[in-house]
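*Asks:*
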DNA sequence: ATTTAAACGAGACGGTACGTCACGTCTTAGT
DNA sequence: ACTAAGACGTGACGTACCGTCTCGTTTAAAT
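Residue numbers (this note's numbering), protein chains in the order written: chain A, 686 to 871; chain B, 686 to 871; chain C, 686 to 871; chain D, 686 to 871.
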């Protein structure tokens, strides 16, 4: 959490930006979307509300900025087999979601997207981008691209379904899903 | 929309209950969760706020009551084959969600469930109940119950994923998903 | 406080009337006008709200009924001298107001009279009636009636002023007031 | 009545404060305490409720603020004689109360003081302050201070008694009261 | 002896106001 | 020019009480 910061003159203060994004992310991680208000972020970041509104036009855009900040961390290793990659992809999603603020943040973005068209568009765009990467990876093992896209979509949808209902599959469930998907397109 | 209703004595007035639930459902259908406030429901239903709070302790519980009111309509025909039942189940979900207030209502419930533990529990319970029915139906065609449960879960998750991102699959996509699922457990 | 009472047929139940008036008086005595709501009276008297509204058309009229019930107790002895009667009258007012629910009730009636024309009229009428009695008593000692009325009015106004500001004069102050009044009209 | 006002920065907007106090005072003058609600004041002043609650913690404190705003106007001329000053003081009270919002405001404060300890304390404090001034003035004509205080208290109590019961004395009645008081302490 | 009619406790009804919270906008004073 | 601070109007939150209404029960009075 940030200490009191003075202005650094007629230029954007990167410390403020970071303090705001950190506060927003931490609030989402700790209290979910319910605790995520501009006022709470400003209090926690020791920032003025207009400073937040200057850079992010509303609550939704700040949420999306936090969400965008997660992307860099979303990498997972290749295994060499299709089965290993699919299983690893799914398993990694849940690890990522539970070990970082990512889970609450994504839940919040999805919730926000049900109310806010901009959040919806941003989330869908990001999903498509990610799915292109994922299916490209799956296709490296000789799978047709359309089938790779299909199982990537199904896998991610399944993972969302678990996340949104507060569940997390065990290894056996992940293995079964993987098997169904690979046999299904085999 | 309801006219002003008097009390009918020391008992719940079904006309008021209906007017409130109708108003709530219509607001969700027209404006989504953002337009769904107790004040707005009271105005539209020509009801007093305390009348709403008397029967539904908060916004979430009223939302869940609207959601529960959808159950009866959620039926779809049997086709005689596993492939037909799976495909029909998925197709029916999207028809149901787009032709009735059900789509916006379910989107709202899922969004609410990300914030509210009660909504989360209610949604998960309802989902499990529905999935038991669905997988039982799939199992009538000779499929093992655990496999039937798995593909029911996957199918519903896929449908939610489409709904929550504002998409709707065409018949070919539904057919492909159906094929993957059935071959996957075959 | 009353037990649950049944109807005694097509006639007013005196037990209910008493229970309601007692509850109203006690609430005024204990919590003042702030705690005096029809709902609170009904709860305390174990009466239905319509039973109250059947006999007293609104909150003000029930307050006035409690006030009217005080009249009988408002008697004080004659002393044989003008000075004794004036002093005794004033002293008696404060004893009456502090030893019974009368103080809070009269404070409440005066407060209510600032908002409600009916309460104002009722209070003024009662005041005039009382003042006629008081000044008649003072006049028995040879004082002209108009002078007796004047000092009765002044004495009561002074007493109200003390009551409404939460004060109570000691004996010396009462004696001084008495002296001023009697010498003033002497 | 005020137009919509913007914030003028991180400081109190005097225009809003004035609009709110004016609206409160006018509501009291026109409708008395019954019409005096925070919601009504906010509507009339075109102010937000939180703006009112930011500066005055509740209805009572806003009422007392209106009451305090009357002080400056409560001045009356000296006449050179005790009789003239006493009579002028009493007469002035009624002129002040009938020609300005002061009458309804004071009636409201007294009513509120019967319910609210804070209002009671504030009213009593203001009364004592005023009475010190008044009795000091009376004492300039050679009257002992304790006697001056006594007749000031009696005079004000009499005036309150008239105000609270919706009466107003004519000149002869004021003259008679003055005579009684002066002869009483003579 | 039976029926009628009104009073009873209970509590739901549509409203209004309460006092609180967060929204997104605006201006100040300082760096 | 950018900062922290915080006031502004708006509007929803959940609660209390208003005065009205109907329910089903009870019982005295009228048949």
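Built from N, CA and C at the ideal position, the CB exists for glycine as well.
What residue range does the alpha helix (DSSP H) around residue 745(D) cover?
*Replies:* 744 to 753
*Asks:* Quick one: residues in its chain with C-beta nearer than 6 Å to the C-beta of residue 687(C), no 5 flanking neighbours on either side, listed in chain order?
*Replies:* Per-residue confidence for residue 687(C) stands at a pLDDT of 34, beneath the threshold of 50, marking its modelled position as unreliable; no derived number is given.
*Asks:* Verify the CB distance criterion: does residue 682(C) have a CB-CB separation below 7 Å to chain D?
*Replies:* The structure shown does not extend to residue 682(C), since chain C spans only 686 to 871, so no value can be given for it.
*Asks:* So is residue 834(D) in contact with chain C if we call contact Cβ pairs under 7 Å?
*Replies:* no
*Asks:* Flag this pair as yes or no: are the beta carbons of residue 741(D) and residue 848(D) separated by less than 7 Å?
*Replies:* The answer is no: Cβ separation not under 7 Å.
*Asks:* Please go through the same chain and pick out, in chain order, the residues whose beta-carbon is closer than 8 Å to the beta-carbon of residue 702(B), but skip the five residues on each side of it.
*Replies:* 740
*Asks:* Could you spell out the range, first to last residue, of the alpha helix (DSSP H) harbouring residue 782(A)?
*Replies:* DSSP places residue 782(A) in the uninterrupted alpha helix (DSSP H) bounded by 767 to 784.
*Asks:* So, for residue 709(D): in the same chain, excluding its five sequence neighbours on each side, which residues have a beta-carbon less than 6 Å away from its beta-carbon?
*Replies:* So the list reads 726, 747 and 751, once near-sequence residues are dropped.
*Asks:* With a threshold of 8 Å, are at least 3 pairs of Cβ atoms found where one atom belongs to the segment 815 to 829 of chain B and the other to the segment 815 to 825 of chain A?
*Replies:* Too few Cβ pairs lie closer than 8 Å, so no.
*Asks:* On the premise that residue 779(B) lies in contact with residue 853(B), defined as a C-beta separation below 8 Å, what is that separation, rounded to the nearest angstrom?
*Replies:* So it is a contact: roughly 5 Å between Cβ atoms.
*Asks:* Assign residue 744(D) to one of two classes, buried (16 or more other C-beta atoms within 10 Å of its C-beta) or exposed (fewer than that).
*Replies:* buried
*Asks:* When you compare the CB positions of residue 713(B) and residue 794(B), do they come within less than 7 Å of one another, or not?
*Replies:* no
*Asks:* Would you say residue 772(D) lies against chain C (beta-carbon separation less than 7 Å)?
*Replies:* no
*Asks:* Could you compute how far the alpha carbon of residue 859(C) sits from the alpha carbon of residue 851(C)?
*Replies:* 16 Å
*Asks:* Where does residue 760(D) fall in DSSP's three states?
*Replies:* coil
*Asks:* Quick one: which chain D residues come within Cβ less than 8 Å of residue 723(C)?
*Replies:* The premise fails here: residue 723(C) is roughly 16 Å from chain D at the closest Cβ pair, so nothing lies under 8 Å.
*Asks:* Would you please state the rounded distance, in angstroms, between the beta carbons of residue 737(D) and residue 869(C)? I believe it to be under 8 Å.
*Replies:* Taking 8 Å as the upper bound for CB-CB distance, residue 737(D) and residue 869(C) are not in contact here, some 47 Å apart.
*Asks:* Quick one: Cα of residue 749(B) to Cα of residue 803(B), how far?
*Replies:* 9 Å
*Asks:* Residue 790(D) versus chain C: which residues are under 9 Å apart at the beta carbon?
*Replies:* Result: empty, since nearest Cβ-Cβ is about 11 Å, beyond 9 Å.
*Asks:* What's the call for residue 696(B), buried or exposed, on a 16-neighbour Cβ count within 10 Å?
*Replies:* Classification of residue 696(B): exposed, given that the 10 Å Cβ count is below 16.
*Asks:* If residue 846(D) sits next to residue 841(C), beta carbons under 8 Å apart, how far is it from one beta carbon to the other, in whole angstroms?
*Replies:* Contact holds; Cβ gap of about 7 Å.
*Asks:* Suppose you measure from the CA of residue 839(C) to the CA of residue 867(C); what does that come to, to the nearest Å?
*Replies:* 11 Å
*Asks:* Taking the beta carbon of residue 700(B) as the centre, do at least 16 other beta carbons fall within 10 Å, making it buried, or is it exposed?
*Replies:* exposed
*Asks:* Rounded to whole angstroms, what's the CA-CA distance from residue 664(D) to residue 835(C)? Just pull it up for me.
*Replies:* This structure cannot speak to residue 664(D), because chain D is shown only from 686 to 871.
*Asks:* Leaving out five residues before and five after residue 691(B) in sequence, what residues of the same chain have Cβ atoms less than 6 Å from its Cβ?
*Replies:* none
*Asks:* Can you give me the C-alpha to C-alpha distance between residue 831(A) and residue 728(A), rounded to a whole angstrom?
*Replies:* 48 Å
*Asks:* Let me know the secondary structure DSSP gives residue 693(C) once reduced to three states.
*Replies:* The DSSP-derived three-state label of residue 693(C) is coil.
*Asks:* Could you check whether residue 826(C) and residue 767(C) sit closer than 7 Å to each other, using their CB atoms as the reference points?
*Replies:* yes
*Asks:* Just the chain A side, please: which residues come within less than 9 Å of residue 752(B) by C-beta, in chain order?
*Replies:* Within chain A, no residue comes near residue 752(B); the closest Cβ sits about 14 Å away, beyond 9 Å.
*Asks:* Using a Cβ cut-off of 7 Å (strictly closer), state whether residue 794(B) contacts chain A.
*Replies:* no
*Asks:* Beta carbon of residue 799(B), beta carbon of residue 772(A): below 7 Å?
*Replies:* no
*Asks:* Please name the residue, chosen from 755(B), 863(B) and 824(B), that lies closest to residue 788(B) on a Cα-to-Cα basis.
*Replies:* 755(B)
*Asks:* May I have the straight-line CA-CA distance separating residue 706(A) from residue 706(D), to the nearest angstrom?
*Replies:* Their backbone Cα atoms lie some 42 Å apart in a straight line.
*Asks:* Ignore the nearest five residues each way along the sequence and tell me which others in residue 761(A)'s own chain have a CB closer than 7 Å to its CB.
*Replies:* 773, 774 and 777
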